[in-house]
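First up is the structure itself, then whatever we jot down about it.
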Amino acid sequence: MDWNRLISTDRLGSKNRGIKDNASLRPEFQKDYDRLVFSSPFRRLQDKTQVFPLPGSTFVHNRLTHSLEVASIGKTLGDMVSMELEKRETANTVLISEMGTIVSTACLAHDLGNPPFGHSGESAISRYFQTGNGLQYRDLVTENEWNDLQHFEGNANAFRILAHSFKGRRQGGYAMTYSTLASLVKYPFPSTAFPEKNKYGFFHSEIETFTHVANELGIPLLDEEKKVYARYPLVYLVEAADDIAYQLMDLEDAHKLRILDTKETEELFLQFFDKTYDEWFFNMKDSVYQEVIDTNERIAFLRSLTISKLIKETQAVFMNHHTEIMEGIFEGSLVKHLKGTSGKAMKAVQKISVQKIYRNPEVISIELAGYNILGTLLEEFIPAVIEPSTDYHKKLISLIPEQYHTESSSVYHKIQTVLDFVSNMTDLYAVKLYKDIKGISLV
């Protein structure tokens, strides 16, 4: 792959329109960032669960605050890589300098497709088709379409939200640049490529769109039969920013909620540093850290220094493996390639997160609620859009915003209208609609 093609200001759906933005002081990739910040799907992230139930007396992360923090880390990572590349590359240095904005924009968008109630929302949608009443539609869709439905994927849904032309909307969705869209696709293949992994980057309804983006940017097709593409290089930076943010911020949230005590949390952060190689940290810790009395601020101080270290180290991994990444043969994430104390510490954090955080009763309760609420909404709305003959079904359809409606006779596309509607809901709206339909709110 070639950076001269990979970083492109061309936009999906906007080519040859002949429309120029007179606000030339606003770079093209900044426009992508601004469109996301002012978009409805992005605003809705403020009421979508990250890990812990919302709202609560103790403020913890939601999808919006998480995305903003990932974008902050991603901006720094992108800027650091671009500066290193400018030392090596002689062409297109102006666009290479925009790398930080591209990465931070994709970071803002990386969770747009996640349904309410965290990852349990994805599981609830998938379960409806795997073992629930959704099984009745198995023979009404193609094999490829069925794979999309029984393995609903938030990553693919994020790409759809930005790239699909919903009813009444412009061609190309949000008309983002090809570079921003490609940076979002963590798994550059459809659901049928590796069905055992339950991870993929785009629905079959968006295969042509992603193929167009890949061709424009010169992203190589690695497996023509399975439609597997090489990863767009900046995806690694978006993924690293997300890995760093959620792993460390989940620890901080768990400490605030007293799931982890202060000593245990401190020790987890201190594991990232080696007295031989990280002398700067221990000098700072022995000075500034001792001045901070507030317990939460002490943990936040450790967390911030840990993030700084991981940013430097993941950037180094990217540059050390730059050739492999550009050839599309690099395997795994940047974080998984961390060595020394950081690599060991990340594994320790992951282990404790599974044992004490993700299995916490409060986390499990929100997951169970997600299963029941989303499952019920699908059971109500999907039959309605497929057979809108009864008065009850017509009333249900009237609740679905016009942008999600379709004129297609395809059962797959009709089901997608419901999945678009439900996956875009906030937690509170999903609960309210569930109560309204069940008559609970009237009791």
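One point on numbering: in numbering that gives the first Met the number 0, the residue at position 229 of the sequence shown is 228, and numbering is uninterrupted.
In this text, a Cβ means the ideal position worked out from N, Cα and C, and glycines have one as well.
Every value quoted in this text rests on a predicted model; they were computed, and no experiment measured them.
In the structure shown, N132 adopts helical secondary structure according to DSSP, grouped into three states. Classified as exposed, N132 has fewer than 16 neighbouring CB atoms from the shown chains inside 10 Å of its CB. Going by C-alpha positions, Y32 is about 37 Å away from I385.
The beta-carbon distance between F151 and E195, rounded to whole angstroms, is 16 Å. This is too long to meet the 8 Å contact definition. Cβ neighbours of S182 within its own chain (closer than 7 Å, five residues either side excluded): I101, V102, A105, Y231, L233, V234, V237. Sorting S303, E251, Y136 by C-alpha distance to the C-alpha of Q415 places Y136 at the top. L250: member of the alpha helix (DSSP H) spanning 234-255, first to last residue.
In the displayed model, V316 falls within a helix according to three-state DSSP.
Between the segment 334-352 and the segment 361-373, the count of Cβ pairs shorter than 8 Å is below three; the stretches do not touch. Excluding the 5 residues flanking it on each side, V291 has same chain C-beta neighbours closer than 8 Å at R297, F300, in chain order. Rounded to whole angstroms, Y391 and I6 show a C-alpha spacing of 50 Å. With respect to the 8 Å criterion, S190 and D222 are not classified as neighbours on the basis of their beta carbons. The segment 112-131 makes no contact with the segment 245-252; the number of CB pairs closer than 8 Å stays below 3. The three-state reading of DSSP puts R87 in helix, counting H, G and I together. DSSP places L259 outside any alpha helix (DSSP H), giving it a letter other than H or E. Here R10 is buried, its C-beta having at least 16 other C-beta atoms within 10 Å. The beta carbon of L337 is closer than 8 Å to those of L309, E312, T313, V316, M345 in its chain, skipping five residues each way along the sequence. The C-beta distance from E205 to R159 rounds to 6 Å, short enough to fall under 8 Å. Taking C-beta separations shorter than 8 Å and ignoring five residues to either side along the sequence, the partners of E401 in its chain run K166, G167, following chain order.
Take the alpha-carbon of A347 and the one of E406: they are about 51 Å apart.
Contact between I258 and K355 holds: CB atoms are separated by about 6 Å, below the 8 Å threshold. Shown here, D222 sits in a strand according to DSSP, grouped into three states.
Under the criterion of beta carbons closer than 8 Å, F380 and V410 do not qualify as touching, at roughly 14 Å. One Cα belongs to L44, the other to D426, and the distance between them is close to 9 Å. Exclusion of the five residues before and after L76 leaves V102, L236, A239, A240, I310, T313, Q314 as the residues of its chain whose Cβ lies within less than 7 Å of its Cβ. The Cβ-Cβ distance between S422 and N3 does not fall below 8 Å. Contact annotation: R34 and Y177 have beta-carbon atoms that are not nearer than 8 Å. The Cβ atoms of L395 and I124 lie no closer than 8 Å to each other. Where R4 is concerned, the enclosing alpha helix (DSSP H) starts and stops at 2-5. Ranked by Cα distance from K434, the options I399, Y403, L376 are led by L376. Residue pairing by DSSP puts Y228 in a beta bridge opposite L220. Rounded to whole angstroms, the gap between the alpha carbons of K30 and G153 is 24 Å.
S408 and V140 have their C-alpha atoms some 11 Å from each other. If you look at E142, you'll find it in the alpha helix (DSSP H) that goes 142-149. With a 10 Å radius around the Cβ and a threshold of 16 neighbouring Cβ atoms, S388 comes out exposed. In the DSSP secondary-structure assignment, R10 is bridged to T176.
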